[in-house]
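A short worksheet on the structure shown next.
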Amino acid sequence: MIRDARVLQPEFVPREVQHRDAEVNQLTHALDPIVDGERGDTTFLFGPSGVGKTCIAQYTVEQLREAVVDIEHQYVNCWQNYSRFRALYRILEGLDGTVDVHRGSTPHDELLRRVREYDGPPYVVVLDEVDQLQDSAVLYDLYRVPKLSMILIANREEELFVDLDDRVASRLQSARRIRFDHYTEAELVAIMRDRVDWGLEPGAVSDALLRRIADAAAGDARVALGILRNAARDAARAGHDSVDPSTVTGAIPDARREIRQTTVENLTPHQRVLYDLLDEHGRQHAGELYERYREAVDDPRTKRTVRNYLSKLVQYDLVVAEGENRARTYRLTG
DNA sequence: GATCCACAGGAAGGGTTGGGGG
DNA sequence: CCCCCAACCCTTCCTGTGGATC
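As structure tokens, then:
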């Protein structure tokens, strides 16, 4: 039943994107100067998850690569590369592949110096989840690199600008902004239909089922494709030649869990304990949670450190903090 | 209404880590 | 081989806030 599983994978970038013409055009326009060897406009892509921000950024850069002879590009996920050092390291890595800069042996802004000295073809850097960057001043530094164009991706504009360095904020005030909204049900169905036609045997999934998946995904294409992928896999394993409604129903919680699971697996052991305690006991105040945590581990960290852990969990969208000061409680999302 | 208390989160400093140079 | 140094993590100390208590 499955012909090509790749097109259902989350990281797959389609050759043609659907329902994002306006956004693609705006981004292409912002990058136009690159065609003439100039620097492109700094551009923000804002919107909830699963609405195609990363996909459109990568797609547009790819288009540009086909149109322009010579550009360099690099994708940096700031969720994984959240420190100034790591982000700069990745950016330098995009330029010559190997970097012989190691922490400890080089003056602390050697990385930035090397990036600034860059004088090759135009360099397009996509900074995904840019709100996760600990030191936003790095954006200010990158802003001053002549050959470097930035595409910045984040969920919410307000949250991003709240803790931006003042210099950065004023510079980025003038940056272009492109907003992405949830997909409609019809758009999600069309996106899935396209992937189904490429990746599955004809007739494997009916439109009615795609509508059902779209409904469960609530405008999030990543969730929709996750459900579709799991449903197709389950049906294939069961030896069916098409997906039926009950398989879809079974795949919905799986897909949700899958997306969350990859995040949970990246937690440190201590963060994981906090996550599990919130899972087990539900909504809690910081005090009770800390007491349980202290019981649960051999070498408890201080309250201050646990507060840092919790704010990480909130940033990762695994935990919600509700209320202020004493009244604040923590619980898992969803 | 003054005081207390639990909590959030900033700032500063120390310890650990892990690479390169002497 | 040892030492140096920056990155990183954790702790300590601190200020600010708002609900609870008297």
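Start counting the first sequence at 1; every next residue gets the next number (UniProt numbering). Note that the Cβ used here is the ideal one computed from N, Cα and C, for glycine as well.
If one requires a minimum length of 4 residues, the alpha helix (DSSP H) runs lying completely within the segment 40-95 are 53-67, in chain order.
Secondary structure at Leu332: strand, using DSSP grouped into helix, strand and coil.
In the DSSP assignment, Gln284 is bridged to Tyr330. Straight across, the Cα-Cα distance linking Glu324 with Val68 is about 52 Å. When DSSP reads this structure, Asp128 sits in a beta bridge with Asn77. Leu209 is not a Cβ neighbour of Thr42, given a cutoff of 8 Å. Per the C-alpha coordinates, the member of Gly219, Val205, Ala218 positioned closest to Arg233 is Val205.
With respect to the 8 Å criterion, Val168 and Ala137 are classified as neighbours on the basis of their beta carbons.
Leu64 sits close to Leu31, with the two beta carbons spaced by under 8 Å.
In the three-state reduction of the DSSP assignment, Val223 falls in the helix class. Non-local beta-carbon contacts of Arg301 in its own chain, meaning distances under 7 Å to residues more than five positions away in sequence, involve His270 in chain order. Under the three-state reduction of DSSP, Met1 is assigned to coil, being neither helix nor strand. Fully enclosed alpha helix (DSSP H) runs of no fewer than 4 residues occupy 245-265, 269-281, 286-296, 303-315 of the segment 227-315, in order along the chain.
Secondary structure of Leu142 (DSSP, three-state): helix.
The alpha-carbon of Arg90 is positioned some 42 Å away from that of Asp207.
Taking 8 Å as the cut-off, the beta carbon of Val51 is found closer than this to the beta carbon of Asp181. Per DSSP, the unbroken alpha helix (DSSP H) holding Ser170 starts and ends at 166-172. Each of Val126, Ile56, Val125, Leu142 was checked against the Cα of Glu117, and the nearest Cα belongs to Leu142.
Under the criterion of beta carbons closer than 8 Å, Gln74 and Val125 qualify as touching, at roughly 5 Å.
Between Pro33 and Gly40, the C-beta gap is smaller than 8 Å, which places the two residues in contact. In chain order, Thr43, Leu45, Ile56, Ala57, Thr60, Ile151, Ile178 place their CB closer than 8 Å to the CB of Leu27, counting only its own chain and leaving out the 5 sequence neighbours on each side.
Annotation for Ile191: no beta strand (DSSP E) segment contains it, though the alpha helix (DSSP H) segment containing it runs 185-199. Per DSSP, reduced to three states, the secondary structure at Val13 is coil, with no helix or strand assignment. The DSSP-derived three-state label of Ala154 is strand.
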